[in-house]
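> In my numbering, the protein residues as written are 684 to 933. The C-beta atom is built at its ideal place from N, Cα and C for all residues, glycine as well.
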Ligand code: 9WO
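#1: Using beta-carbon positions only, say whether residue 689 and residue 722 come within less than 8 angstroms of one another.
#2: Is residue 820 near the ligand 9WO, with its Cβ less than 7 angstroms from a heavy atom?
#3: Closest to residue 725 by CA distance: which of 829, 811, 746 is it?
#4: So, residue 831 versus residue 705, is the Cβ gap smaller than 8 angstroms?
#5: Does the count of Cβ pairs from the segment 755 to 771 and the segment 731 to 742 closer than 8 angstroms reach three?
#6: For residue 715, which residues in the same chain have their Cβ closer than 6 angstroms to its Cβ, ignoring the five residues on either side in sequence?
#7: Confirm, please, whether the CB-CB distance from residue 792 to residue 827 is below 8 angstroms.
#8: Cβ-heavy atom distance between residue 738 and the ligand 9WO below 7 angstroms?
#9: With DSSP as the reference, label residue 790 as helix, strand or coil.
#10: Whose C-alpha, out of 767, 817, 701, 839, is nearest the C-alpha of residue 811?
#11: From what residue to what residue does the alpha helix (DSSP H) around residue 947 run?
#12: Would the segment 796 to 811 and the segment 867 to 878 be scored as touching if the rule is three or more Cβ pairs under 8 angstroms?
#13: Is the beta carbon of residue 918 sitting closer than 8 angstroms to the one on residue 891?
#14: Check residue 910 in the structure and name its three-state DSSP category.
#15: Among residues of its own chain, excluding the 5 on either side of residue 778, which ones have a beta-carbon nearer than 7 angstroms to its beta-carbon?
#16: In the structure shown, what three-state DSSP assignment does residue 783 receive?
#17: Around the C-beta of residue 696, are 16 or more other C-beta atoms found within 10 angstroms, so that it is buried, or is it exposed?
#18: Skipping 5 residues on each side, what residues in its chain have a beta carbon closer than 7 angstroms to that of residue 801?
#19: Can you grab the Cα-Cα spacing for the pair residue 896 / residue 916, in whole Å?
#20: From which residue to which residue does the alpha helix (DSSP H) around residue 854 run?
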C-alpha cells in the first residue's frame, strides 16, 4: 500500500506514521507514506501557497497552482488511487471505510490549511472528502494521521497476530470488552473470576457478553443498527438482567 500526502507539514505526517504498529508496517515494507509539500512547487520570490479570497473577509485560502504542481509531482512519482480531501464537510471515517481503503493499492490525502482550498482545485481534482469528526481543526494533517493509522494497522502482517485485528470489537460493530493485566502490585484483586478460571470457552463467552453489554450501555446507536444472532441476543439479555438486579430493580 502506498499513501501520498499533500501537506504544508510533511514532517508532521512522517512523525505520526513512524511510531507503533504503523511504523512497523513502514519498516516491513507493507506500506509507504510519502509527503509532498505544495511550498516546494510555489513560484515567485515569496513562494506563496495562499492568497486572499474573492469576496473578501478574514483569512487566506490555498492557491490552486502549487497544489496542482504538487499533485502532478506525486503522480509522476507513482502516487496511485483517489485524491481524498480531509474535511469536516465529508462523510465520517468509519471502520468499514478504513477496511475498504486498506484493500486498495493506495490513495492520496490532501490536507488543507488556512480557511481551506480554492474550490476549483477541489472540483477538478478531489475524488472524495473524508471527515474524522464534527469539529474544526487548524488543518487536515491530524485527520490524515488518523486515516493512515486506522488503515495501516489493518494491512496483512502488521498486527502481531491476525486474531487481534479480527477480535477487535469494532470489526464486528461492537465496543471492546474490559482488559486486566497480570499486574504485580494489584494481583488478582478486582479481576472477574472467569478470567482466572483457565476455561477458554467461558472466557470467550464472557468477553463477547461484555462487548455486547458495554455497547448496549454506552453506544445503543451502534446496537440499534445491528442484527444480533440468537447466541448474542441471549448473552445480551443475560447481561441486561444482571444490570437490572445490580441496581436493585425487581
Ligand atoms: C472552518 C469553519 C468555520 C466555520 C464553519 C465551518 C468551518 N469549516 C472550517 C474548515 O474546514 N477550516 C479548515 C481547516 C480548512 C481546511 C482544513 N482545516 C480543517 C480540516 N479543519 N478541520 C479539518 C478536519 C478534517 C477532517 N475531519 C475533521 C476536521
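Answer, in terms of the structure:
#1: 8 angstroms or more divides the Cβ of residue 689 from the Cβ of residue 722.
#2: It does: the Cβ of residue 820 is within 7 angstroms (strictly closer) of some heavy atom of the ligand 9WO.
#3: Looking only at 829, 811, 746, the smallest Cα-Cα distance to residue 725 is reached by 746.
#4: Taking 8 angstroms as the Cβ cut-off, residue 831 and residue 705 qualify as a contacting pair.
#5: At 8 angstroms Cβ cutoff, the stretches do not touch.
#6: When the five nearest sequence neighbours on each side are left out, the beta carbons in the same chain lying within less than 6 angstroms of the beta carbon of residue 715 are those of 685, in order along the chain.
#7: Yes; because the gap between Cβ atoms is below 8 angstroms, this pair is in contact.
#8: Result no, Cβ not under 7 angstroms from the ligand 9WO.
#9: In the structure shown, residue 790 sits in a strand (DSSP, three-state: E or B).
#10: Checked all of 767, 817, 701, 839; the closest Cα to residue 811 is 767.
#11: Absent from the structure is residue 947, since the part of the chain shown begins at 684 and ends at 933.
#12: Not touching, per the Cβ criterion.
#13: In this structure, residue 891 lies closer than 8 angstroms to residue 918 by Cβ.
#14: Per DSSP, reduced to three states, the secondary structure at residue 910 is coil, with no helix or strand assignment.
#15: 853, 854, listed in sequence order.
#16: When secondary structure is reduced to three states using DSSP, residue 783 falls in the helix class.
#17: Here residue 696 is buried. Its C-beta has 16 or more other C-beta atoms within 10 Å.
#18: The answer, listed in chain order, is 744, 745, 746, 747.
#19: So the alpha carbons of these two residues sit roughly 10 angstroms apart.
#20: No alpha helix (DSSP H) contains residue 854, which DSSP labels as neither H nor E.
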